[in-house]
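Before any comments, here is the structure.
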Amino acid sequence: MKKILLPTVTLLFSLSVSSKTTPVYLDPSAPLEDRVEDALSRMTLEEKIGVIHAQSKFSSAGVPRLGIPELWTTDGPHGIRPEVLWDEWEQAGWTNDSCIAFPALTCLAATWDPEVSYLYGKSIGEEARYRKKDILLGPGVNILRTPLNGRNFEYMGEDPYLASVMVVPYVKGVQDNGVAACVKHYALNNNEVNRHMTNVIVDDRTLYEIYLPAFKAAVEGGHAWSIMGSYNLYNDEWNCHNSRLLNDVLKGEWDFDGVVVSDWGGTHITDQAITNGLDLEFGSWTNGLSAGTSNAYDNYFMAYPYLEKIKSGEVGTEELDNKVRRVLRLMFRTNMDSSRPYGSMASESHMKAAHKIGSDGIVLLKNDGNILPLSTENKPTIAVIGENAIKMMTVGGGSSSLKAKYEISPLEGIRNHFGDKANVVYARGYVGDPSGEYNGVVTGQDLSDNRSEMELIKEAREVATNADYVIIIGGLNKSAGQDCEDSDRADMKLPYNQDKLIEAVAEVNPKTIYINISGNPVEMPWVDQVPVILQGWYLGSEAGNALASVLSGEVNPSGKLPMTFPQTLDQVESHRHGSYLGKPRNDGTPFVDNEYAEGIYVGYRGMDKNNFTPLFPFGHGLSYTDFKYGDIKTDLLENGLIELRLNVTNSGKIAGAEVAQLYISDPECSVPRPVKELKGFKKVYLEPGETREIVFQVSPQDLSYFDVESHGWRLEPGMFEASVGSSSKDIRSKTRFAVD
Ligand code: GLC
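If you count the sequence shown from 1, you need to add 72 to reach the numbering used here.
Below you can see the structure in the form of structure tokens.
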């Protein structure tokens, strides 16, 4: 019987296979940088140009020939935007892309809890991943310089240290899903009016102490895989191709190895886009929200015009290769990482996360007579008044607008929670913005009501007169001129005649509660007439449930303000040197020069400088229990850190969480410094009677100021003061320590 020489056949077979070993760039076990270089070496010039600019409204090309997938981006910081048509802002009408709407980032910041921030990033990252998106266009961390900025609701407040601590876990949570965070809008994009044409003028000390830290933390602490350049200019260069911010600071000083993405319509000049650090161009010629030049992708500044410059020999390919390396690196970290998780969408855990972030971020500003938590003894009547008790807030506001799977309104949440334990009645109180549509997403609500203000207030007063409790739910909304992208507010007052409504209702019921739904501070001329006030933020899908859980005491409120509530705009430094918007050039160009003359005196730093008393201070937030603070003990550790320890006790009758805040003062410094600056905080959950030792560690860097001459941080020896408290104004314990 003829013997078949199997080994030869096997050998031939294996030889033929071995000549087709997996290319390095497709080998998941190969080192990242080897994969990048291998892929780069295989790409043609046209393919390289193809991956550094958009191919549709929210995607950029891959390399089909090499099996390198395209990149898909998605808004926004609070939830995953519905699918849009290829080259439109309008939604595409899919039926599988409704998301969980998470609370706005102002609410996240108000939790002062890095663990909650990680939960947020992980949850929203799972939804982005499930929707097959590779870059999440968020979080936003622009500092609140003016309470009028239309996009403050998307950001993390006025303090660079708070924003720096809270942005890192969010970025890590998103990226643990194999989805890139895209931290925005880098940098100095602190108002919406003239956002494309404002040239910000700011000194280096203010830049490094106030406006850069949160971005620096996102890069160095969070290892963000992408950053979004902002629309405005700095040093007379647009920030999507700004040599100082992108090349010198981001990629130089911070060693950023990710992708700089332009904002949509933020690219303006090919030569600068080539040399000044832009890596991926999106949305050219759009205003970021609506107008745009349809289907001009080959004419993008970094598309055909760039290719032509290379082919003509005008420019080389070194910058191009660097851009492509960064885009490839992001691909290998996302859509070419075969081990990344699969994500999930509108899951129970995401609903729970939205509820927790919301109920942990709600701030109890005032609770005279301990009217809250509401008692349901004898089945009370609860009168709910105000348009914001029923108005959907997840639709509108600009690019963060969503198509939510559901949104529990405050009134629904109160009815859900108090159901048969109370008699809940409603009155409109005021009519604000009855519309409800954005990019084809409709709320389905009919809020039209043509009654006069007088009639509405009369009805509200009647309802209030016969109720045991009145809950007025007002504030702002997501329409233009309120909390909305591409517009700023005209003033800090409540719109739609709400002040009159609130005064009229408070007059007839001593148990009036006002809940402010907004992403920005508002004036409250009636503050002394209203015994209970809460800052409710935009809370997303679980809004009503989160509010009801706090009103009922199921959740003991623990939020703290991430921004000062000034009494009036006159107290705000950026408004005390003329217009916060700067000055038009009046040279026939549309540019505006906006000098940040207030320098480092932003937020409470400005209030303290003038010794102003705010309506509610930065870091303020009450609880249904009380906390006692012990004395501070300080130690100088071997590693140069200064350790401050103190006990905090829950001296009340119910469990609760306290955010102990550490502020540092440098009264002997040779240069002017803020009266105090936040340099530490710890949120502790304590049972009644429980005491916990809190430990802060402060580094020499934390104690330093930015010295422009030496372009570095400087620590001057001398006596420093440490103040620990329940808010920036409610200091409970102080100590001094010497630094030599
Ligand atoms: C918008 C916004 C940006 C958003 C982008 C895409 O104009 O400025 O935050 O991510 O364009 O919608």
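We put the beta carbon where it would ideally sit given N, CA and C, even for glycine.
Residue i: CB within 7 Å of a non-hydrogen atom of the ligand GLC
i: residue 256; result: yes
i: residue 361; result: yes
i: residue 209; result: yes
i: residue 336; result: yes
i: residue 473; result: no
i: residue 148; result: yes
i: residue 355; result: yes
Spatial neighbours of residue i in its chain, beta-carbon cut-off 7 Å, leaving aside the 5 residues before and after
i: residue 164; result: 155, 156 and 157
i: residue 722; result: 697, 699, 728, 758, 759, 760, 761 and 762
i: residue 649; result: 669 and 670
i: residue 477; result: 170, 171, 172, 418 and 613
i: residue 662; result: 269
i: residue 209; result: 145, 146, 147, 148, 254, 256 and 300
i: residue 82; result: Low per-residue confidence applies at residue 82: pLDDT is 43, beneath 50, and the placement is therefore not dependable enough to give any value.
i: residue 387; result: 346 and 381
i: residue 487; result: 496
Cβ pair residue i, residue j closer than 8 Å
i: residue 318; j: residue 331; result: no
i: residue 119; j: residue 131; result: no
i: residue 459; j: residue 502; result: yes
i: residue 713; j: residue 770; result: yes
i: residue 116; j: residue 252; result: no
i: residue 360; j: residue 612; result: no
i: residue 716; j: residue 703; result: no
i: residue 603; j: residue 438; result: yes
i: residue 268; j: residue 303; result: yes
i: residue 616; j: residue 483; result: yes
i: residue 348; j: residue 315; result: yes
i: residue 792; j: residue 736; result: yes
i: residue 515; j: residue 467; result: yes
i: residue 182; j: residue 609; result: yes
i: residue 216; j: residue 230; result: yes
i: residue 636; j: residue 564; result: no
i: residue 151; j: residue 239; result: no
i: residue 222; j: residue 561; result: yes
i: residue 551; j: residue 507; result: yes
i: residue 677; j: residue 746; result: yes
i: residue 207; j: residue 298; result: yes
Supposed close pair residue i, residue j - CB separation, criterion 8 Å
i: residue 541; j: residue 585; result: 7 Å
i: residue 729; j: residue 630; result: 4 Å
i: residue 766; j: residue 754; result: 5 Å
i: residue 195; j: residue 473; result: Contact flag wrong, Cβ pair sits at about 19 Å.
i: residue 497; j: residue 461; result: Not really, about 11 Å apart at Cβ, beyond 8 Å.
i: residue 533; j: residue 578; result: So it is not a contact: roughly 10 Å between Cβ atoms.
i: residue 519; j: residue 572; result: Contact doesn't hold; Cβ gap of about 20 Å is too wide.
i: residue 701; j: residue 720; result: 6 Å
i: residue 588; j: residue 726; result: The Cβ separation is near 25 Å, so there is no contact.
i: residue 778; j: residue 276; result: 7 Å
i: residue 525; j: residue 569; result: 5 Å
Residues of its chain near residue i, where Cβ-Cβ distance is below 6 Å and the 5 sequence neighbours each way are ignored
i: residue 374; result: 124, 125, 345 and 353
i: residue 133; result: 122, 123, 127 and 142
i: residue 835; result: Outside the modelled stretch of the chain, which goes from 73 to 812, sits residue 835, for which no answer is possible.
i: residue 806; result: 795
i: residue 790; result: 740
i: residue 400; result: 108 and 111
i: residue 256; result: 212 and 300
i: residue 599; result: none
i: residue 412; result: 250
i: residue 425; result: 191 and 195
8 Å Cβ shell around residue i - same chain, five flanking residues per side excluded
i: residue 342; result: 373, 374, 377, 378 and 381
i: residue 664; result: 266, 269, 270, 271, 653, 654, 655, 656 and 657
i: residue 446; result: 452, 454, 490, 494, 541, 623, 624 and 625
i: residue 340; result: 310, 312, 313 and 373
Below-8 Å beta-carbon distance, residue i vs any chain C residue
i: residue 336; result: Note that chain C does not occur in the displayed structure, where there is just one protein chain.
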